[in-house]
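Residue numbers (this note's numbering): 336 to 597. Just so you know, even glycine gets a beta-carbon here, dropped at the ideal spot from N, CA and C. Owing to the predicted nature of the structure, the values given are computational and were not obtained by experimental measurement. Below is one structure, written out as structure tokens, with a few remarks after it.
See below:
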């Protein structure tokens, strides 16, 4: 069954407010955003979050901190980010969360006259070694709990990131998130990579887009939304309607119900 959720809203960052909005919209879950301090692993109030879910009949997914770089060349930085992910896995297990959404950071680059050169690409084998080490630590921490770390596309995967993704996907605890607005903004660069691995697609972020402007109200942009809702129905169980404001959600959800065939 496909469940729809909302992102954490900056205008209503308290969990109870988000849960109430989710319930009023007739949706099933809230994606907790760990970029906000109250949802960081050392600050999150697990008993309260669990109680709110019970009161409003919802569940959660987790969006990990977008700055996470567990393959930084500095081993101390690397270890701190890896521990943050391990701590987030513990939060997910405590809250019966099955999806942890994660960005694949592209890393530092040098700007040359004609291009950008990414250090993870230049030192690819070192980079991939740290990716594999991170993968194995996450695999051990997750065990058989059912948690999946789902890597979200952001701006088009270059070859070194595709190699990293395939290394992560060697473990069953990793999967893929398709963000259709980011996909549109990158000129659909990521879609072939993801559809070639469609069995590993676990989660989606759905919003409309015009050129590189994304997170728009459903039906207001250029994306073939029916195509991606059908992809979601056929392959996954959780999709965030990621329009990011209360007003845009209140416009998007009725549009979805009136225009999308599921």
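Taking just the CA atoms, how far does residue 406 sit from residue 377?
22 angstroms
Assign residue 497 to one of two classes, buried (16 or more other C-beta atoms within 10 Å of its C-beta) or exposed (fewer than that).
exposed
Classify residue 535 as helix, strand or coil using the three-state DSSP reduction.
helix
Distance between residue 529 and residue 279 (C-alpha atoms, nearest Å):
Residue numbering for the chain in the displayed model covers 336 to 597; residue 279 lies beyond these limits and cannot be assessed.
Determine, using beta carbons only, whether residue 393 comes closer than 7 angstroms to chain C.
Checking the listed chains, one finds no chain C in this structure; it contains a single protein chain.
Below 8 angstroms on the Cβ atoms is my guess for residue 365 versus residue 395; work out the distance and round it to an integer in Å.
6 angstroms
Hey, which unbroken runs of the beta strand (DSSP E) at 3 residues or more fall wholly within the region 351-376?
364-368
Please classify residue 347: does DSSP put it in a helix, a strand, or coil?
strand
Could you compute how far the alpha carbon of residue 438 sits from the alpha carbon of residue 501?
15 angstroms
By the 10 Å Cβ neighbour count, where 16 or more other Cβ atoms means buried, how is residue 577 classified, buried or exposed?
Residue 577 is buried by the Cβ-count criterion.
Here's a check: name, in chain order, each residue in its chain whose Cβ is nearer than 7 angstroms to the Cβ of residue 469, leaving out the five neighbours to either side.
405, 406, 417
For the putative contact between residue 358 and residue 572, defined by C-beta atoms under 8 angstroms, what is the C-beta separation to the nearest angstrom?
Their Cβ separation, rounded to whole angstroms, is 19 angstroms, which puts residue 358 and residue 572 out of contact at 8 angstroms.
What residue range is occupied by the uninterrupted alpha helix (DSSP H) comprising residue 414?
Looking at the DSSP string, the run of the alpha helix (DSSP H) that includes residue 414 is 410-429.
Distance, residue 561 Cα to residue 348 Cα:
30 angstroms
Cβ distance (whole Å) where residue 436 is taken to contact residue 400 below 8 angstroms:
Contact doesn't hold; Cβ gap of about 11 angstroms is too wide.
Could you name the residues that DSSP lists as bridge partners for residue 338?
573
Alpha helix (DSSP H) segment containing residue 391, residue limits:
381-391
C-alpha distance - residue 472 paired with residue 419, whole-angstrom precision:
12 angstroms
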